[in-house]
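Trainee: Quick one: structure below, then a few questions.
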Amino acid sequence: MESIVEYFKNIPSSHRSAILVGGIAFFWMLESAIPLVRFSYKKWRHAGINIFFTLTTIVINFTLAFLLLKTADWTVANNFGILQWLPEMPLWAYTIIGLLLLDLIGAYFVHWSEHKVKWMWRFHLIHHSDTTIDTTSANRHHPGESVFRFVFTTAGVLIVGTPMWLVFMYQSMSVLLSQFNHANIVLPKKLDNFLSWFIISPDMHKVHHHYVMPYTDSNYGNIFSFWDRLFGTFRTLSRDKIIYGVDTHMDPKENDQLGNLLKIPFQPYRKTENTGN
Numbered sequence: 000m001e002s003i004v005e006y007f008k009n010i011p012s013s014h015r016s017a018i019l020v021g022g023i024a025f026f027w028m029l030e031s032a033i034p035l036v037r038f039s040y041k042k043w044r045h046a047g048i049n050i051f052f053t054l055t056t057i058v059i060n061f062t063l064a065f066l067l068l069k070t071a072d073w074t075v076a077n078n079f080g081i082l083q084w085l086p087e088m089p090l091w092a093y094t095i096i097g098l099l100l101l102d103l104i105g106a107y108f109v110h111w112s113e114h115k116v117k118w119m120w121r122f123h124l125i126h127h128s129d130t131t132i133d134t135t136s137a138n139r140h141h142p143g144e145s146v147f148r149f150v151f152t153t154a155g156v157l158i159v160g161t162p163m164w165l166v167f168m169y170q171s172m173s174v175l176l177s178q179f180n181h182a183n184i185v186l187p188k189k190l191d192n193f194l195s196w197f198i199i200s201p202d203m204h205k206v207h208h209h210y211v212m213p214y215t216d217s218n219y220g221n222i223f224s225f226w227d228r229l230f231g232t233f234r235t236l237s238r239d240k241i242i243y244g245v246d247t248h249m250d251p252k253e254n255d256q257l258g259n260l261l262k263i264p265f266q267p268y269r270k271t272e273n274t275g276n
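According to numbering that gives the first Met the number 0, the residues represented by the sequence shown are 0 to 276, in order.
In C-alpha cells form, the structure reads like this:
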C-alpha cells in the first residue's frame, strides 16, 4: 500500500495523461470486440466532438489545478477535514474512506445537483444529448460544467481533508471507471450485476442515459454504487429497452453539431421531463 501511495505522491503528468489516453484506446478496442449496440455512426466524427470537450476539460482543470493543490496542502497543514479528524487507522482504511467521501461529494452530489438545479442542468444536458454512448462520451462535458465540477471537487477536498496523493488516486480511478461504464461493451449479465453492487457497471450507468424520466434521474454514481443504493436513486432497466439521449434534444442538428452543443445552455429553456421542472 505504501508503494502505491508513494507513486501517487509523485505521479508525473505524463502518467496521468497516459491513463486518460490509454483508457480511451483500450475501451475503444474492446468496443469493437464485444459491442453492446452496433451503432451505424461515423465513430471518428462522434469521437471528435467528445474529444473536443475532453480537451476543454483538461485545459480548465490544468488552469485551476493550483487551487486544488493549495486546498489539499492547506487541509493537511492545518489538520482540517474529516480525514484529519479521524483517529489513527491503517493506511488502506484511510484510503478507502477518503475515496468514498471524495466520490460522494465530487461525483455523486454534484451529479445529483446537475439534475435538480435548472441552470446546472442546462450545462449538463450536453452530456445527456449524446445518442450514441461509447467510451468517448465519458468526458462529453460543456466547459461551463467542467468549471462547477471542479468547484465541487475542490469543496470535497476541503471537507474531506484530502492529501494531494489521494486526490490524484481518486481522479485516476474516476477517469478509468467513467470510461468503463460509458463504454459500448456488453458484459455477461451476472458479472455486470455483481459489479454493480460495488462499482458503477456499464449496464447500471446506461440506465442513467435513457432518454426519459424517471431513469435519467437515477444511478448518479461515478465510481462506487453504494451511494445510489443508500439514497434511493438506484434503478434498473433492461438493456434492450434503453434509448440514449434526452427527450428535448433528439434531433441530430441539436445533439450532433458542436456549435449548437456549446450554445445549448444559453438557448431558451425547454420544459422537460428529465429535470422535473
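All residues carry an ideal CB built from backbone N, CA and C; glycine is no exception. For clarity, every value in this text was computed on a predicted model and none was experimentally measured.
Exposed or buried, which one is Gln170 when buried takes at least 16 other CB atoms within 10 Å?
Mentor: buried
Trainee: According to DSSP, simplified to helix, strand and coil, what is Tyr107?
Mentor: helix
Trainee: Please classify Met0 as buried or exposed, where buried requires at least 16 other C-beta atoms within 10 Å of its C-beta.
Mentor: Counting the other Cβ atoms within 10 Å of the Cβ of Met0 gives fewer than 16, which makes it exposed.
Trainee: Exposed or buried, Gln178, counting other C-beta atoms within 10 Å across all chains shown (16 or more means buried)?
Mentor: The residue is buried, with at least 16 neighbouring Cβ atoms inside 10 Å.
Trainee: For the stretch 128 to 142 and the stretch 45 to 58, state whether three or more C-beta atom pairs, one from each stretch, are separated by less than 8 angstroms.
Mentor: yes
Trainee: Measuring alpha carbon to alpha carbon, tell me which of Val245, Lys240, Lys262, Ile222 ends up nearest Thr215.
Mentor: Val245
Trainee: Can you tell me whether Val20 is buried or exposed, with buried defined as 16 or more other CB within 10 angstroms of its CB?
Mentor: exposed
Trainee: Drop a sphere of 10 angstroms on the beta-carbon of Phe265, count the other beta-carbons inside from all chains shown, and report buried for 16 or more, exposed for fewer.
Mentor: exposed
Trainee: In its own chain, which residues sit with a C-beta less than 8 angstroms from the C-beta of Met172, not counting the 5 before and 5 after it?
Mentor: So the qualifying residues of the chain are Leu98, Ile222.
Trainee: Using only CA atoms, which one of Lys240, His114, Ser195 lies nearest to Arg228?
Mentor: Ser195
Trainee: One question on the structure: do Met203 and Asn218 come within less than 7 angstroms of each other, judged by their Cβ atoms?
Mentor: yes
Trainee: Ignore the nearest five residues each way along the sequence and tell me which others in Thr274's own chain have a CB closer than 6 angstroms to its CB.
Mentor: The predicted model places Thr274 with a pLDDT of 42, which falls under 50 and marks its position as unreliable, so this point remains unresolved.
Trainee: Three or more C-beta pairs under 8 angstroms: does that hold for the stretch 65 to 78 against the stretch 149 to 157?
Mentor: Yes, the stretch 65 to 78 is in contact with the stretch 149 to 157.
Trainee: Could you spell out the range, first to last residue, of the alpha helix (DSSP H) harbouring Asp227?
Mentor: 225 to 229
Trainee: Using a Cβ-Cβ cutoff of less than 6 angstroms, which residues in the same chain neighbour Ser145 once the five nearest sequence positions on both sides are dropped?
Mentor: For Ser145, where only same-chain residues beyond five positions count, the Cβ hits under 6 angstroms are Thr56, Ile59.
Trainee: Using the Cα positions of Ser200 and Glu87, report the straight-line distance between them to the nearest angstrom.
Mentor: 33 angstroms
Trainee: Leaving aside the five residues before and after Phe26 along the sequence, list all residues of the same chain whose C-beta is less than 6 angstroms from its C-beta, in chain order.
Mentor: Thr134, Gln178, Ala182
Trainee: How should Arg148 be labelled, buried or exposed, when 16 other C-beta atoms within 10 angstroms of its C-beta is the threshold for buried?
Mentor: buried
Trainee: Report the residue from Ile3, Arg37, Arg44 whose alpha carbon sits nearest the alpha carbon of Pro251.
Mentor: Arg44
Trainee: Nearest to Met212 by alpha carbon, out of Thr74, Asn192, Tyr93, Thr247?
Mentor: Thr247
Trainee: Following the continuous alpha helix (DSSP H) through Gln83, name the residue where it begins and the one where it ends.
Mentor: 81 to 84
Trainee: Within the present structure, is the beta-carbon of Phe25 separated from the nearest heavy atom of the ligand MG by less than 6 angstroms?
Mentor: Absence of the ligand MG is noted for the structure shown, with no ligands found whatsoever.
Trainee: Which of the three DSSP states is assigned to His207 in this structure?
Mentor: helix
Trainee: Can you tell me where the alpha helix (DSSP H) holding Val146 begins and where it ends?
Mentor: 142 to 159
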